[in-house]
Structures are given as structure tokens and as C-alpha cells.
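Asker: Before I ask anything, let me first share the structure, which is written out below as C-alpha cells.
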Amino acid sequence: MSTAHDASAARASFRMERKPRLLRLVAEGVWTTRDAASLDAQLQHIDLGDATEAEIDGSGLERIDSAGAWLLVRTKRDWEERGKRIGPIKIPAMYETLMHAVEHEHTAPPVVIHNRHTLEAFVGRVGRATIHGLQQGVGILGYIGRVTVEVSEAIYHPRGNLRVAALIHQVEETGINALPIVGLLSFLIGVVLAYQGADQLKRFGAELLTVDLVGVGLLREIAGLITAIIVAGRSGSAFTAQIGTMRVNEEIDAMQTIGINTVDALVLPRVIGLAIALPLLTFYSDMMGLLGGAVMCYFDLGITIPQFMRELQTSVSVNTFMVGMIKAPVFAFIIALVGCFEGLQVERNAASVGKLTTRSVVESIFLVIVLDAGFSIMFSILGI
Amino acid sequence: MPGGNENDVVIRVRGLVNGFGEQLLHDHIDLDVYRGEVLGVVGGSGTGKSVLLRSIIGLNEIRSGTIEVFGHNTDHLNEAQWREIEMRWGVLFQEGALFSSQTIAENIQVPLREYTGMSQPLMNEIASMKLSMVGLPENAAPKHPSELSGGMKKRAGLARALALDPEIVFLDEPTAGLDPISANMFDELVKDLQESLNLTVFMVTHDLDTLRATTDRIAVLVDRKIVVGTIDELRRNPHPWIQEYFSGPRGRAAA
Chain D
1 MSTAHDASAA
11 RASFRMERKP
21 RLLRLVAEGV
31 WTTRDAASLD
41 AQLQHIDLGD
51 ATEAEIDGSG
61 LERIDSAGAW
71 LLVRTKRDWE
81 ERGKRIGPIK
91 IPAMYETLMH
101 AVEHEHTAPP
111 VVIHNRHTLE
121 AFVGRVGRAT
131 IHGLQQGVGI
141 LGYIGRVTVE
151 VSEAIYHPRG
161 NLRVAALIHQ
171 VEETGINALP
181 IVGLLSFLIG
191 VVLAYQGADQ
201 LKRFGAELLT
211 VDLVGVGLLR
221 EIAGLITAII
231 VAGRSGSAFT
241 AQIGTMRVNE
251 EIDAMQTIGI
261 NTVDALVLPR
271 VIGLAIALPL
281 LTFYSDMMGL
291 LGGAVMCYFD
301 LGITIPQFMR
311 ELQTSVSVNT
321 FMVGMIKAPV
331 FAFIIALVGC
341 FEGLQVERNA
351 ASVGKLTTRS
361 VVESIFLVIV
371 LDAGFSIMFS
381 ILGI
Chain Z
385 MPGGNENDVV
395 IRVRGLVNGF
405 GEQLLHDHID
415 LDVYRGEVLG
425 VVGGSGTGKS
435 VLLRSIIGLN
445 EIRSGTIEVF
455 GHNTDHLNEA
465 QWREIEMRWG
475 VLFQEGALFS
485 SQTIAENIQV
495 PLREYTGMSQ
505 PLMNEIASMK
515 LSMVGLPENA
525 APKHPSELSG
535 GMKKRAGLAR
545 ALALDPEIVF
555 LDEPTAGLDP
565 ISANMFDELV
575 KDLQESLNLT
585 VFMVTHDLDT
595 LRATTDRIAV
605 LVDRKIVVGT
615 IDELRRNPHP
625 WIQEYFSGPR
635 GRAAA
């Protein structure tokens, strides 16, 4: 242990000596950050009395650091302000540089930290968020336009700008690697749906209609929706994180200076890749969901698999299946687009990657559900 | 001061071994840091300068060897003792490592809030005192780190490292990425603070000007070992890397 530190056994203290018209503050012990809090309170309660002159004597101090020195300097300034005549602070010679640094280099008023929880600040935040939301909407709309043009160009006038290797990689990453989780969750949804349906329909003696419920519900709505939501959480976030990290590392800037079109290189493979993968995943989810429903129907209601298939054939038309499938590429387009768009919004700091990844997932799930509702309305008007 | 006696050793490293996988970074190195000195640590890229620093402050698991800080073997400390030691040192990381969600003033107050029971007004006063000590303008206090330049971030990081008036300050490449004028100012700042606060400074750096301007002794990491001496002693050292470093074109320019 250092000698200096052992000395901290001697606590910080001070005493006041009062003579007619002279007030002396004698500081003793070790004035350091550790005891600054209690010294601060005591120093503020000194009764100055009617003395006209004051003196601060720290020559008996064993040790002092900048916090202790500040307390002495502050006391001195405070007393001067209250009209006392006061000489220089006495201090052991070895601490004079410190005292000088504190007293002469620091003359500014203390920091004021504004409370960030006032009504004014709240109104400001709401206003900023509103404007930001609108700007974001305009930005994403422009982006959808640009990507739509590029995608249709890549399809109708291929000029070799579609990166096939990257595209295949994206299909693998977003499609094949998502099979286990999509499969398991779809199976479980099928099970849950069949169980709940059987429970309710049993009361009307219409157990067989469970098959209709599972078939129509899954193929038309739930399988597509659950797949899109899983993919938004899994791949949409990955797009934002990947592209965002590239932004932080200035990789995107490097691409631009080399003359690579970032939409071609980064966005197109992801958008088209997901547009291929998501419909396939949705079909897979349909099948796994039906399997889950069939298994549950067999165990809960005793409907055998052939019976299930027959009932399914009568209740589910090709249109029902197509209604579910046709939504998948649209969802894919939106998820990939939001993921890439938010990735490109990342600023050059790591915190922004996390923030925008969260935002990307929330936005794409939100948009998927809104679009799904839109589709429902459209199909009901069309009578499909 | 340099060459001080046994009692004045604040950091004592003995037989330190560090490495990644098969590759050995430090092979049984010994190092003493004396109270009140400025020690510069230099070495080529990948020789483990930062790893040495991180080993001493306990951020890096060491393979073998002992590290004593203020006479305590850091391997045998319980949590309360660690806190006691951590209160007596301050660390400036390469990019400042300021907490991005807090303002500069709040950043400086984090250690004060953690270790002392100071009232908010006193913490505000101490924060502005530290700001002027490191030469930052008053209007930097309410800003967030993202609004500051690299040099200002380093100063703010130093202010936070100094918040508790530590006895040892660790600086990891304090002048890297600064323009020469800011780097000079930073050197002077370190020297001034070291004198007025009687600090022990452990500084990892590549900057020959900084070494010349501020350090009392220099530790060179070469061939997984460490060579310690003053700049003049090291100039006479025959090791080719050390010769190249101190007597190469840049080394001569700094002299």
C-alpha cells in the first residue's frame, strides 16, 4: 500500500477560528474526492458573522486533490462575493501547482444540466418525430420507385447487372436456411388451429368442419402471414444489419467511388432473392401447417389422413390456395425493400446499426400486416 | 521520479505471458512503473502494447505471471478490493469510449456518481472544473459525444478518467488520429496535468514526438520481451528494431 493512501485514515476536517473582524478557516487532514460530499455540505453552512476579513489556511493539510482544492477555491470565491476581504489560500508548497491550476485555469460558471423531461421538451420531441416520420415516408416512397424501376429493368432488359451468385446466396440464406424454423412454427400453428377449431365445433357436432377451418384459414391467411413475419424478423433485420455494417465501415462509399451501383450490387439480389424464397417458404409453410392440422385431427377427432384429404379437397378450392400464394411476393418485396432502405440510412456509428435494425423489423412487420388487411378487403370486393 | 526506489513502484509486472492460440505475444516480461513517472510503451503493430495495458487493468485474462498494482496482486482481489483499486486509476481508451447516450458533463459525472455521495450541484462544479483542466470549452458540457471532434472526444475521455483524481492514468494511443497541433497540445496537457496532479502515467503510443515531449522512461516491446530505458539509453541499444525506431528518419526528426 502506498504511504499516501494509508494517510487517508486521517479524515478531512476543518475548524473555524473567529477573531474580531477576522474569520479563519483552517483545513486539516486529507481533502480528497472521497470526502468531498460531506465537506461540501459543511462548508455551505458556515456562519460568516460580521467579520470583514477572512483567511483560508490549508497549510496543515496532509493531502489534497483537485476536488478538495476546488472546495477551497469555491469557498473563497463565495466569500469574496459576499464582500469579505480575503487573501490567497495557504497551501503546502507541493500542492501549489495543483491549486494554481484549479484557481486560475477554471473560472467558468458550473455546468447546468437541463432537465430533459419537461413539457417543452416533450412537445419538441413529438414535433421532431412527426416531421421525421413524414420525411421517412417520402424517402421510402422514392426508394420503392427507384427499386421497382431497377427490378423491372433487370427482368425485362437484362444487361448483365443481376449478380447471379449473390442472388443464389440470398435464396439459400433467406429460404433454405429458414426451413427449420418456418416448418416447426407452421406445424405448431396447424396443431393449435385444429385443436381450437375442434374444441369449438364439437359443440355443434360439426367436427368435420375443423378440416375446413384449418385448410381455409391456413392457406388463405395464416401460413402466408406467419411466414412473412418470421422472414421479416429473420432476414429483414439481417439485411439492415449487413448493409448498415457496410455503411459504418465505409464499404458503401468505397463501392460508389469504384463505380459500382449499390442498388445493383446490394439491393437487387436481396429483393429478387427474397421474392423467390418467400413464395416457396409460404408453400412449405402451407404444407407443414396442414400436416400439423391433420395430425391433431387424427388424435383429437379420430379423422384419418385419407378422410382429412377428402374433406380438404371439397372445402378448399385452387383459388383459396392462390389467394395465399399471390401475397407472398408482395410481402417479400416490402420486407426486402424496408430492410435494405433502413440499412442504407445507417449513420457512421455502431449504435445506429442497432437502432435501425429494430426499426426495420417493426416497420416491415407493420407493413406486412397492413398489406394483408388491404388484400383481404380487395379480395372481398372482388368476391374471391 | 524515474529510477525511484522499491517503495515507489505502483505497478509491478512479473513473468507475464500472453498469447493468442499458438502465437505468443509476451514471453515472461517484467516491468516496474514508478510513482509520478510518465512511462511510454511502444512497439510494432501486433506486439501487444494494448494487450499489456488491458492485462494490467484486468480486462484481459493473462496466461501466467503476476501483476501487482499499489502492492496488491490483482489475481487475489475480491470485488470490494477491485473497486478500491479501480477508484485509484483512470483509463482513456483509444476513441475516448464515452457513453454515447449521455452528455459530456454526465459522462464525467459517472465515476463521481458511482463512487461518491456528492450532491448534483457539486458534481456539476467538479465536471466543469475537469472540463477546463483538459482544455475543453464550457459549451462542450451539454453536448453528446457524437457532436464532438476526435480530439475533443479524447479530451473529454481524459476528463472522465481524471474525475476521481486517480493516482495512475492509463492512456491508449492518446494522440493517434489527431492533427499535429492538437497532438502537441495533448502532450502539453498530459505533462501539465501530470505535474499539477502528481499523476503516474502509463501511455501506449506510436507517436515519437509524444514520447520525447512527455515520457520519463520508455518500454519497448520487441521479440515478445520488453526493453526499458530513457530515450537516450534506447538510442544506444543495438537491437535493430529499436535502432530503426529511434534513429530512423522519423526518430531523428523527433529528436
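Protein sequence lines, in the order shown, are assigned to chains D and Z. Just so it is clear: in the first sequence, position 117 is 117 by this note's numbering, and no numbers are missing. So the mapping is simple: this note's numbering equals the position in the second sequence, first residue as 1, plus 384. The beta-carbon is built from N, C-alpha and C at its ideal position, and this holds for glycine as well. Small disclaimer: the values here were computed from a predicted structure and weren't measured.
For Met507(Z), collect the residues of the same chain with a Cβ closer than 8 Å to its Cβ; drop the 5 residues on either side in sequence, then sort them by chain order.
Answerer: Around Met507(Z): Gln493, Leu496, Arg497.
Asker: Output the distance between the C-alpha atoms of Arg467(Z) and Thr458(Z), rounded to the nearest integer angstrom.
Answerer: For Arg467(Z) and Thr458(Z), the distance between alpha carbons rounds to 11 Å.
Asker: Alpha carbon to alpha carbon, how far is Val553(Z) from Thr97(D)? Give it in angstroms, no decimals.
Answerer: Near 18 Å, if we compare the C-alpha coordinates of Val553(Z) and Thr97(D).
Asker: For Gly501(Z) and chain D, any beta-carbon pair shorter than 7 Å?
Answerer: Yes, contact with chain D.
Asker: Count the other CB atoms within 10 Å of the CB of Ile303(D); is the residue buried (16 or more) or exposed (fewer)?
Answerer: Buried, because 16 or more other Cβ atoms sit within 10 Å of the Cβ of Ile303(D).
Asker: For my contact list, Thr174(D) and Ala277(D) are in at a C-beta cut-off of 8 Å; report their separation, rounded to the angstrom.
Answerer: With 8 Å as the limit, Thr174(D) and Ala277(D) qualify as a contact, their Cβ atoms being about 5 Å apart.
Asker: Taking the straight line between their C-alpha atoms, what separation do you get for Thr245(D) and Ala93(D)?
Answerer: Their Cα atoms are separated by approximately 55 Å.
Asker: Which residues of chain Z have a Cβ atom closer than 9 Å to the Cβ of Ser66(D), listed in chain order?
Answerer: Ordered by position in chain Z, the residues that pass the 9 Å Cβ test against Ser66(D) are Ile510, Met513, Lys514, Met517, Leu546, Asp549, Ser580, Leu581.
Asker: I want to see whether chain Z comes within less than 7 Å of Leu367(D), judged by CB atoms only; does it?
Answerer: No, because no Cβ of chain Z sits closer than 7 Å to the Cβ of Leu367(D).
Asker: Here's a check: name, in chain order, each residue in its chain whose Cβ is nearer than 7 Å to the Cβ of Ser631(Z), leaving out the five neighbours to either side.
Answerer: Around Ser631(Z): Arg619.
Asker: Would you tell me roughly how many angstroms separate the C-alpha atoms of Ser2(D) and Gln345(D), rounded to the nearest one?
Answerer: Residue confidence is low: Ser2(D) scores 38 on pLDDT, short of 50, so the model does not pin down where it sits. No coordinate-derived value is stated.
Asker: Is there a Cβ of chain D sitting closer than 7 Å to that of Leu595(Z), yes or no?
Answerer: So no, Leu595(Z) is outside the interface.
Asker: Which residue from Met587(Z), Ser485(Z), Ala511(Z), Leu542(Z) puts its Cα closest to that of Ala603(Z)?
Answerer: When only C-alpha atoms are compared, the closest one is Met587(Z).
Asker: Using a cut-off of 7 Å between C-beta atoms, extract the partners of Ala101(D) located in chain Z.
Answerer: Those are Met517, Ser580, listed as they occur along chain Z.
Asker: Answer with yes or no whether the minimum CB distance from Ala37(D) to chain Z is below 7 Å.
Answerer: True, the Cβ-Cβ gap to chain Z drops below 7 Å.
Asker: Could you tell me the alpha carbon to alpha carbon distance between Tyr284(D) and Ala241(D), rounded to whole angstroms?
Answerer: Looking at the two C-alpha atoms, the distance is approximately 27 Å.
Asker: Between which two residues does the alpha helix (DSSP H) harbouring Arg544(Z) extend?
Answerer: Note, Arg544(Z): alpha helix (DSSP H), 534 to 545.
Asker: Considering only the alpha carbon of each residue, which of Asp372(D), Glu363(D), Ser380(D), Ala373(D) lies closest to Ile140(D)?
Answerer: Nearest of Asp372(D), Glu363(D), Ser380(D), Ala373(D) to Ile140(D), Cα basis: Glu363(D).
Asker: Is the Cβ of Leu555(Z) closer than 7 Å to any Cβ of chain D?
Answerer: So, not an interface residue.
Asker: Is any beta-carbon of chain Z found at less than 7 Å from that of Leu218(D)?
Answerer: No - not a single Cβ of chain Z is within 7 Å of the one on Leu218(D).
Asker: Closer than 9 Å, Cβ to Cβ, to anything on chain D: give me those residues from the stretch 472 to 487 of chain Z, in chain order.
Answerer: The stretch 472 to 487 of chain Z vs chain D, Cβ under 9 Å: Arg472, Ser484, Ser485, Thr487.
Asker: Could you tell me whether the Cβ atoms of Glu28(D) and Gly68(D) are closer together than 7 Å?
Answerer: Not a contact, by the Cβ cut-off of 7 Å.
Asker: So is Leu520(Z) in contact with chain D if we call contact Cβ pairs under 7 Å?
Answerer: It does not: the Cβ of Leu520(Z) has no partner Cβ on chain D nearer than 7 Å.
Asker: Taking the alpha helix (DSSP H) that Tyr499(Z) falls in, what are its first and last residues?
Answerer: Run containing Tyr499(Z): 488 to 499, per the alpha helix (DSSP H) assignment.
Asker: Tell me whether Arg125(D) is buried or exposed, calling it buried when 16 or more other Cβ atoms sit within 10 Å of its Cβ.
Answerer: Exposed: under 16 other Cβ atoms inside 10 Å.
Asker: Please confirm if Leu506(Z) has its CB atom under 7 Å from at least one CB of chain D.
Answerer: Chain D contact via Cβ: present.
Asker: Jot down the residue ranges of each uninterrupted beta strand (DSSP E) in the stretch 545 to 583 of chain Z, minimum 3 residues, whole runs only, in chain order.
Answerer: Correct list: 552 to 556.
Asker: Which same chain residues end up closer than 6 Å to Asp372(D) when comparing Cβ atoms and leaving out the 5 residues on each side of it in sequence?
Answerer: Answer for Asp372(D): Leu225, listed in chain order.
Asker: Which chain D residues sit within Cβ distance under 7 Å of Ser439(Z)?
Answerer: By Cβ distance, chain D contributes nothing, its closest Cβ being about 21 Å from Ser439(Z), past 7 Å.
Asker: How far does the beta strand (DSSP E) with His412(Z) in it extend, from its first residue to its last?
Answerer: 407 to 418 is the extent of the beta strand (DSSP E) around His412(Z).
Asker: Which residues does DSSP list as the beta-bridge partners of Thr357(D)?
Answerer: Looking at the DSSP assignment, Thr357(D) forms no beta bridge with any residue, so it has no partner.
Asker: Between the C-alpha atoms of Gln196(D) and Ile168(D), what's the straight-line distance to the nearest angstrom?
Answerer: Cα to Cα, the separation comes out at about 40 Å.
Asker: How about Asn402(Z) and Arg447(Z): do their beta carbons lie closer than 7 Å?
Answerer: Yes. Within cutoff.
Asker: Starting from Thr450(Z), follow the beta strand (DSSP E) in both directions and report where the run begins and ends.
Answerer: Thr450(Z) -> beta strand (DSSP E) spans 448 to 453.
Asker: Which partner residues of His456(Z) appear in the DSSP bridge assignment?
Answerer: Answer by DSSP bridge pairing, in chain order: Val453(Z).
Asker: State buried or exposed for Pro386(Z), treating a residue as buried only when at least 16 other CB atoms are found within 10 Å of its CB.
Answerer: For Pro386(Z), the predicted model reports a pLDDT of 45, less than 50, meaning its position is unreliable; a value from the coordinates is still stated below. Under this definition Pro386(Z) is an exposed residue.
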